[in-house]
Amino acid sequence: MLPEEREFVLWRMRENLVAMHKILEAAARDDMRELARLADETAKVPFINIQMPSLRGVIPPPWRQLGKLVHGELGDLAKAAERDLPKSELPERLAKITAGCVSCHNTYRIGPEDPERPADARRRFP
Ligand code: HEC
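Residue 8 is where the sequence shown starts when you use the numbering used here, and the numbers rise one by one after that.
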């Protein structure tokens, strides 16, 4: 990854953590409407390779699958929370989401920049 791509991915990751934290806070307050709103908002954040098109050739397909899984679980949680999801089911739902985070973190590291990749790669993937 180019340095700016790495910065972008890590910034998005920190945003993911903030989003999870806010969702947990809403769960702790038993505020299901806010939880549904936050989960829906987070699920709808565009994928990183759409926000930064140069990442299209860099993010491997299994990474994209895991990303889709996390977004999907967040969307499902939002819908369930809108329909009065019983509080007892919340931890399991939330764990399904964090399982996606953990699984990807156990699989991928952002490696050193590929020396074969031209520095103007971003312009090659407009
Ligand atoms: C599809 C892959 C993937 C998913 C899903 C994923 N991450 Fe990450 N995340 C990464 C990678 C890769 C790194 C960088 C790891 C490295 O190179 O050390 C990272 C790093 C991070 C970091 C460190 C940011 C920094 O500034 O150093 C945080 C925090 C984080 N992820 C939170 C989350 C949370 C919370 C979730 C789930 C809601 C999540 N991530 C889901 C791939 C993923």
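C-beta atoms are modelled at their ideal positions from N, C-alpha and C, and glycine is treated no differently.
Close Cβ partners of residue i (< 6 Å) along its chain, the five nearest in sequence each way excluded
i     : result
Phe15 : Met59
Arg1  : Only positions 8 to 133 of the chain appear in this structure, which leaves residue 1 out of reach.
Residue environment, residue i, which counts as buried when at least 16 other CB atoms sit within 10 Å
i      : result
Gly64  : exposed
Ala43  : buried
Arg100 : buried
Ala33  : buried
Glu12  : buried
Ile30  : buried
Which of helix, strand or coil DSSP assigns to residue i
i     : result
Glu12 : helix
Val65 : coil
Leu92 : coil
Rounded C-alpha distance that separates residue i from residue j
i      : j      : result
Cys108 : Thr114 : 10 Å
Val52  : Ile104 : 15 Å
Lys94  : Arg36  : 11 Å
Gly118 : Arg90  : 42 Å
Leu45  : His28  : 10 Å
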